[in-house]
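Residue numbers (the working numbering): 73 to 319.
Shown next, in the form of structure tokens:
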């Protein structure tokens with residue numbers, strides 16, 4: 073007589089390979105108040121997230137920011153993007169300029185070729201940013217980015233974050249080659265084998281195997297571990313053995 077193996081679900085959590093990680097949801101990162109000149113832009117936080125099929129990127133300043141103030145102080149905000157993991161160059165930039173109103177422009181990595189005009193993101197008086205679609209960024213699986221606030225024609229520059237790129241991982245981990253072993257009474261050992269990959273810059277950090285008896289709602293963890301932070305893509309095999317129960 074045999075009993076059926078438990079119903080099994082695998083959950084992979086995208087991990088970190090840099091000091092400022094993120095999954096494909098909304099997140100923010102704080103920045104030091106490090107510009108003493110009150111007439112210059114001082115970034116206190118940056119933020120990215122999703123609105124429908126568009127991404128938004130924004131910078132929040134220490135003081136309220138206006139389009140006329142940007143023009144008067146010869147200032148602008150620029151978002152810089154690396155989409156191919158080669159940190160020696162950029163693939164895209166978004167410029168926020170002032171005037172009678174805020175204007176947002178998407179350029180190539182050097183900033184010399186205009187690619188598109190963008191909608192401005194303006195949730196409050198101290199924050200400004202822009203909306204952009206993944207296709208306009210080149211449809212990356214993820215990307216690195218940071219922000220610069222330039223004042224007085226370049227005499228004052230505040231970068232955020234100060235010490236590293238931010239990661240925006242747009243691609244969830246993928247589980248492949250899942251296999252389940254047989255189960256024999258009275259206490260069968262059920263091997264579960266799987267492979268996983270993640271190509272969205274953050275990499276794979278950890279895994280969890282959960283089980284539940286068919287017809288119930290409660291899930292139990294039966295195995296977990298870490299992939300390690302060195303490889304961005306894990307494509308090796310993992311095997312988990314646990315004692316199965318009927319159902």
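All C-beta atoms, glycine included, are put in the ideal place defined by N, C-alpha and C.
Check	Outcome
Selected residue, minimal CA-CA separation from residue 144, among 288, 199, 196, 172	172
Identified DSSP bridge partners for residue 209	Its beta-bridge partners do not exist; DSSP assigns none.
Rounded separation between residue 140 and residue 198 - CA only	14 Å
Whole alpha helix (DSSP H) elements within the segment 117-171, 4-residue minimum	139-144
From 166, 313, 283, 207, residue whose alpha carbon lies closest to that of residue 220	166
Residue 226, DSSP secondary structure in three states	helix
Counted within 10 angstroms of its Cβ, other Cβ atoms place residue 164 as buried (16 or more) or exposed	buried
Cα-Cα separation, residue 280 to residue 232	34 Å
C-alpha distance - residue 299 paired with residue 309, whole-angstrom precision	11 Å
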